[in-house]
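Trainee: Taking this note's numbering, I'd label the letters of the sequence shown as residues 51 to 262. Note that the Cβ used here is the ideal one computed from N, Cα and C, for glycine as well.
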Amino acid sequence: MAAKSCFVIMAIGEQIVDDTTVTSASLRNKYDDLIKEAILKARPSLEVIRADDVSLPGTITTDIITRLMHSNYVVADVTFPNPNVFYELGLRHACRSGTIIIKDKAGPRVPFDIAHLRYVEYENTTAGLKALSTQLAGYFDHFDREPTRPDNHFQELAKLTGYAFPDYKKAEEMPPEMQAIMGLMEAPELLKLIMRQQSGESIDQDELVRLM
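#1: Less than 8 Å between the beta carbons of Ser76 and Ile62, yes or no?
#2: Restricting to Cα atoms, I'd like to know which of Ala144, Leu182 and Pro133 is closest to Asp198.
#3: Quick check on the burial criterion: 16 or more other C-beta atoms within 10 angstroms. Buried or exposed for Tyr137?
#4: So, using beta-carbon positions, are Tyr124 and Gly148 closer together than 8 Å?
#5: So, do the stretch 187 to 198 and the stretch 85 to 100 have three or more beta carbon pairs nearer to each other than 8 Å?
#6: Work out the CA separation of Leu210 and His203 for me, nearest whole Å.
#7: So, using beta-carbon positions, are Tyr169 and Ile151 closer together than 8 Å?
#8: Let me know the secondary structure DSSP gives Glu87 once reduced to three states.
#9: Give the secondary structure of Tyr189 by DSSP, where H, G and I count as helix, E and B as strand, and everything else as coil.
#10: Looking at Ser55: is its Cβ nearer than 8 Å to the Cβ of Ile99?
#11: What three-state label does DSSP hand Thr70 in the structure shown?
#12: Should Ala53 and Glu87 be called a contact, given that it needs their Cβ atoms to be closer than 8 Å?
#13: According to DSSP, simplified to helix, strand and coil, what is Glu138?
#14: May I ask you to list the residues that DSSP assigns as paired with Phe204?
#15: On the DSSP bridge list, what partners appear for Thr149?
Right under this line is the structure:
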């Protein structure tokens, strides 16, 4: 059985808020040492990916959109008023349930447009990591029990009004390019290997054959 996946939405590049600059390096550290760590403490078997693990910073590519559509869970950090974060959050809400919104307690106020959404506040401390992990575990369990239950206002309204989503082609009718992308999504180690090769790294052919 393929491992379940969790895609993390968050600001990646440098952020400037109230004359305070938050570097991309510090955001990466927060992801590695707090957010990803809390997710893995909650669910050690999850494959956890952030946008810049599959794409260049600042771009929204097919890889990102595919993960927004198909990841079992999405954790969205809305600490900073970042357009990419909000756009990706909106795409996920329109696709499926299984999204958890988090925010640094020390960060700026949540923008009015999403202030009504339920979110988990965390602190960037050892105790904060433990508390965040516990709350994430509760959400993961809830989504597992009721995977199709709406978790946002868009889905609730769509269900209430019987909104008919477009009926796209089935997998067997997909063009070869999309079938290849979906195949890579089911083989994350192979995807990482191809990305390493594209970045100029020399790849052992035996390793490539083993994963194919």
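Mentor: Quick look at the numbers:
#1: It is not a contact, given that the beta carbons lie outside the stated cut-off.
#2: One detail in the question is off: residue 198 reads as Thr in this sequence, not Asp. When only C-alpha atoms are compared, the closest one is Ala144.
#3: exposed
#4: Checking the sequence, you will find Val at residue 124 rather than Tyr. The beta carbons of Val124 and Gly148 sit closer together than 8 Å.
#5: Short answer: they touch.
#6: 10 Å
#7: yes
#8: DSSP places Glu87 in helix when its eight states are reduced to three.
#9: helix
#10: yes
#11: Residue state, collapsed to three classes: strand.
#12: no
#13: helix
#14: None; Phe204 has no bridge partner.
#15: Val124
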